[in-house]
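For the sequence shown, this note's numbering assigns the number 42 to the initial residue and increments by one for each residue that follows. Written below as structure tokens is the structure these notes are about.
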Amino acid sequence: MFSLYRSNENVFKYLATKYNTEVTSLVEMYRNHNPDIQLFDGVLDIMNSIKAKQGKLGIITDGRVKTQSAKLKSLGIEHLFDHIVISEALGSEKPNEVNYKTIESTLSGKVYYYIADNIKKDFISPNALGWKTVGLIDNGLNIHSNAYLYPNREHMPQFFIESYKEMHIL
């Protein structure tokens with residue numbers, strides 16, 4: 042399914058045909074399931090290190106509130122965030138600056154770091170707002186593998202990492 046998604050194929054249509062069911066049923070199942078997912082290695086260490094140093098954590102995620110909340114709950118990390126921005130609740134998706142300014146107004150600070158993997162839309166606004174941006178290089182596990190399609194500087198993070206283990210919190 043992952044390869045179908047990356048090839049811009051309609052995964053729901055493929056599954057509906059293969060299993061003789063309706064696309065709407067599959068979409069409903071997807072939106073309401075409890076995901077079985079894990080954090081990438083090193084992510085929890087970074088988050089705990091930031092919190093131990095009295096830092097604040099925010100997340101900006103596109104999608105539906107129910108779906109994204111289920112992911113955070115499944116990962117067991119929702120309690121670590123000082124503010125969560127979910128696009129459906131805000132009525133604005135990345136790269137709209139509203140999402141990022143919501144974090145700034147809620148978590149006032151001097152420096153903001155933004156770590157993400159979608160070159161298409163993740164870095165445009167935080168770059169424009171003067172945030173420090175870090176891109177996770179696709180290792181075959183990332184959902185977004187399209188970096189080569191967006192060579193414009195505004196799309197690019199200031200730094201790239203291959204693994205979260207490369208992040209060091211001062």
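Beta carbons: idealized from backbone N, C-alpha and C, even for Gly.
_Here's the rule: buried if 16 or more other CB atoms are within 10 angstroms of the residue's CB, otherwise exposed. What is N61?_
Residue numbering aside, residue 61 sits at position 20 when the sequence shown is read from its first letter. Exposed, by the Cβ-count rule.
*Start-end ranges of the alpha helix (DSSP H) lying completely within the region 72 to 149, minimum 4 residues*: 84 to 93, 106 to 116, 128 to 131 and 138 to 147
*Residue nearest to H196 in terms of C-alpha spacing, selected from E207, V52, V175 and K161*: Position 155 of the sequence shown, counting from 1, holds the residue named residue 196. Of E207, V52, V175 and K161, the residue nearest in Cα terms is K161.
*Would DSSP call L56 helix, strand or coil?*
Taking the first residue of the sequence shown as position 1, residue 56 is located at position 15. Correct three-state label for L56: helix.
_Unbroken beta strand (DSSP E) run spanning I202, endpoints_ = Stepping through the sequence shown from its first residue, residue 202 is reached at position 161. Unbroken beta strand (DSSP E) run through I202: F200 to I202.
*Mark D152 as exposed unless 16 or more other C-beta atoms lie within 10 angstroms of its C-beta, in which case mark it buried.*
Locating residue 152 in the sequence shown gives position 111, where the first residue counts as 1. Reading the sequence as shown, one finds Val at residue 152 and not Asp. The residue is exposed, with fewer than 16 neighbouring Cβ atoms inside 10 Å.
*asked:* Since K92 and L113 should fall inside the 8 Å C-beta cutoff, what is the C-beta to C-beta distance between them, to a whole number of angstroms?
replied: By one-based count along the sequence shown, residue 92 stands at place 51. By one-based count along the sequence shown, residue 113 stands at place 72. The Cβ separation is near 16 Å, so there is no contact.
*Measure the CB-CB distance between H124 and G99 and report whether it falls below 7 Å.*
Indexing the sequence shown from 1 puts residue 124 at position 83. Indexing the sequence shown from 1 puts residue 99 at position 58. The Cβ-Cβ distance between H124 and G99 falls below 7 Å.
_Environment of P41 [buried if 16+ CB atoms lie within 10 Å]_ = Residue 41 is absent from the structure shown; the chain starts at 42 and stops at 211.
_Could you tell me the alpha carbon to alpha carbon distance between S128 and D163, rounded to whole angstroms?_
The residue labelled residue 128 in the question sits at position 87 within the sequence shown. The residue labelled residue 163 in the question sits at position 122 within the sequence shown. Straight-line Cα distance between these residues: approximately 13 Å.
_Through-space distance from P76 to K107, alpha-carbon basis_ = Counted from its first residue, the sequence shown places residue 107 at position 66. Counted from its first residue, the sequence shown places residue 76 at position 35. About 12 Å.
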